[in-house]
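J.:
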Amino acid sequence: MNSKALVSTRIDREIKIEATAVLAEIGLTVSDVMSMVLTKIAKEKTLPIEFWQANYRSSAEINEVRGHKLRTKTLEEIKSNMSAMLDTE
1 MNSKALVSTR IDREIKIEAT AVLAEIGLTV SDVMSMVLTK IAKEKTLPIE
51 FWQANYRSSA EINEVRGHKL RTKTLEEIKS NMSAMLDTE
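For the sequence shown, the UniProt record's numbering gives the first residue as 1, with consecutive numbering after it.
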């Protein structure tokens, strides 16, 4: 016998409204998606890969930090850059 369980969660109201609208456009409900995600997690014993992937910018920044390629600036350089930005406005 296939018994069902109820999953309840709290989320920002606006996020729920927006997500519900997006899902409705493709014929799914929040419940459908939660069921799909939890089933995938249970079968694969990990989060779906999409949750782990960083975007391109953050990946590049992480690699810069790991490779010690970040250039630090002195307070004087920062002040000079800010001054130059204000002068152009």
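Ideal Cβ positions, reconstructed from N, Cα and C, are used throughout, including at glycine.
It should be emphasised that the depicted structure is a prediction, and the values quoted were computed from it without experimental measurement.
May I ask you to report which of helix, strand or coil DSSP gives residue 5?
T.: Three-state DSSP puts residue 5 in coil, outside helix and strand.
J.: Which whole-angstrom value describes the C-beta separation of residue 47 and residue 33, a residue pair presumed to lie in contact below a C-beta threshold of 8 Å?
T.: Rounded, the Cβ-Cβ distance is 14 Å, inconsistent with contact.
J.: Closest to residue 11 by CA distance: which of 25, 30, 4 is it?
T.: For residue 11, the nearest C-alpha among the options comes from 30.
J.: Select from 35, 13, 20 the residue whose C-alpha is nearest the C-alpha of residue 6.
T.: Closest by alpha carbon: 35.
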